[in-house]
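Student: Numbering-wise (this note's numbering), the sequence shown opens with residue 2 and increments by one.
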Amino acid sequence: MVSVRRPLPQAPPDLWDRPDMSEALARRDIGTVFKIYRQWTGATQTQIAAVCEVPQSHVSEIQNGRRQVTSLEIFERIADGIGIPRVRIGLADKTGAVPGPRPEPGAPAVEVPSDVVRVYPSRTAVPADLWRALFADATHQVDVLVIAGLFLPDGHADFTQVLRRKAESGVKIRYAIGDPESSAVALRGDEEGIGEGLAARTKITLTYLAALRDAPGIDLRLHSTTLYNSIYRFDGEMLVNTHVFGAPAAHSPVLHLHARSGGLFDHYAASFERVWATTEGA
Numbered sequence: 002m003v004s005v006r007r008p009l010p011q012a013p014p015d016l017w018d019r020p021d022m023s024e025a026l027a028r029r030d031i032g033t034v035f036k037i038y039r040q041w042t043g044a045t046q047t048q049i050a051a052v053c054e055v056p057q058s059h060v061s062e063i064q065n066g067r068r069q070v071t072s073l074e075i076f077e078r079i080a081d082g083i084g085i086p087r088v089r090i091g092l093a094d095k096t097g098a099v100p101g102p103r104p105e106p107g108a109p110a111v112e113v114p115s116d117v118v119r120v121y122p123s124r125t126a127v128p129a130d131l132w133r134a135l136f137a138d139a140t141h142q143v144d145v146l147v148i149a150g151l152f153l154p155d156g157h158a159d160f161t162q163v164l165r166r167k168a169e170s171g172v173k174i175r176y177a178i179g180d181p182e183s184s185a186v187a188l189r190g191d192e193e194g195i196g197e198g199l200a201a202r203t204k205i206t207l208t209y210l211a212a213l214r215d216a217p218g219i220d221l222r223l224h225s226t227t228l229y230n231s232i233y234r235f236d237g238e239m240l241v242n243t244h245v246f247g248a249p250a251a252h253s254p255v256l257h258l259h260a261r262s263g264g265l266f267d268h269y270a271a272s273f274e275r276v277w278a279t280t281e282g283a
């Protein structure tokens, strides 16, 4: 007997304007969105999974709070799958849906690369729970390239334990920190106006991470390169913290990228590899 998939039930016309739904959408709380959606439509998790092109187990985990949605691609699949107005969860309309601003005569057309999930105006604007989710969800690879990156171990009391647990689970971790004795770090400190303060911050980070030097699966190294961006890679997700002359990295923009063949993700991943090839043991 051939199994026939039941169509998704029609949602009430005012569903997305309900106060509880509006609040969940504003928080991007997809678990609550699923609960309310199913309550008012009678849709099954299997039906939702089918239209959103995700496994049914993921729908169950999201609804029960065991899985968080952080990927732009998954947000888009869910919105388009069950009919959430994209603007209600901060997504851009589909390409071609609404004409964009008309370029000046003779100006080339510019589109946001498809692998850009979001741009944060500064590193301090990146939600703390996003950092934790990216580290927690990585299953194969974590790469970190910073000068000091003190905010990670200083801001998360269990940071070294998290890295150790990820390595024990089979995640390969490569961590490159600026050599505090290098001329590159000294120059960057002068450019930021904090002089030797940057080298001091790097030394503090190394003190935090000292217990990981001999941890299996974790490769901690020093680099002496001019760093134009800090790079944080988690499997197919990446945060790139741009460096701006005269400003600390914490005050500079961050790109959230999702892997797309030949895109910005690959460009920055290749940059990490070039720096990594120059590193020495910490």
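Beta carbons: idealized from backbone N, C-alpha and C, even for Gly.
Mind reading off the beta-carbon distance from Tyr-209 to Thr-280? Whole number of angstroms is fine, and I expect it under 8 Å.
Tutor: Actually they do not touch by this definition, with Cβ atoms about 19 Å apart.
Student: What are the start and end residues of the alpha helix (DSSP H) that includes Ser-123?
Tutor: Careful: Ser-123 lies outside any alpha helix (DSSP H) and carries neither H nor E.
Student: Hey, quick one: how far does the alpha helix (DSSP H) through Ala-177 stretch, first residue to last?
Tutor: From DSSP, Ala-177 is part of no alpha helix (DSSP H) but of the beta strand (DSSP E) over 173 to 179.
Student: Just list the residues that DSSP pairs Gly-282 with in beta bridges.
Tutor: For Gly-282, which the question treats as bridged, DSSP gives the partners Arg-222.
Student: Can you have a look at Gly-171 and say buried or exposed, based on whether 16 or more other CB atoms are within 10 angstroms of its CB?
Tutor: Looking at its Cβ environment, which holds fewer than 16 other Cβ atoms inside 10 Å, Gly-171 is exposed.
Student: CB-CB under 7 Å to Leu-221, same chain, minus the five flanking residues each way: which ones, in chain order?
Tutor: These residues qualify, in order along the chain: Tyr-176, Leu-210, Leu-213, Arg-214 and Ala-283.
Student: Pull the bridge partners of Arg-234 from the DSSP assignment, please.
Tutor: Per DSSP, Asp-144 and Met-239.
Student: Under the rule that 16 or more other beta-carbon atoms within 10 Å means buried, what is Tyr-38, buried or exposed?
Tutor: Buried, by the Cβ-count rule.
Student: Can you tell me where the beta strand (DSSP E) holding Val-255 begins and where it ends?
Tutor: Val-255 -> beta strand (DSSP E) spans 255 to 259.
Student: With DSSP as the reference, identify every bridge partner of Val-117, one or two as the case may be.
Tutor: Looking at the DSSP assignment, Val-117 forms a beta bridge with Leu-258.
Student: In chain order, what residues of the same chain lie with their CB nearer than 7 Å to the CB of Asn-242, ignoring the 5 residues before and after it?
Tutor: The residues are Arg-124, Asn-230, Ser-231, Ala-250, Ser-253 and Val-255.
Student: What's the gap between the Cα of Ile-83 and the Cα of Ala-50?
Tutor: Approximately 10 Å, taken between the alpha carbons.
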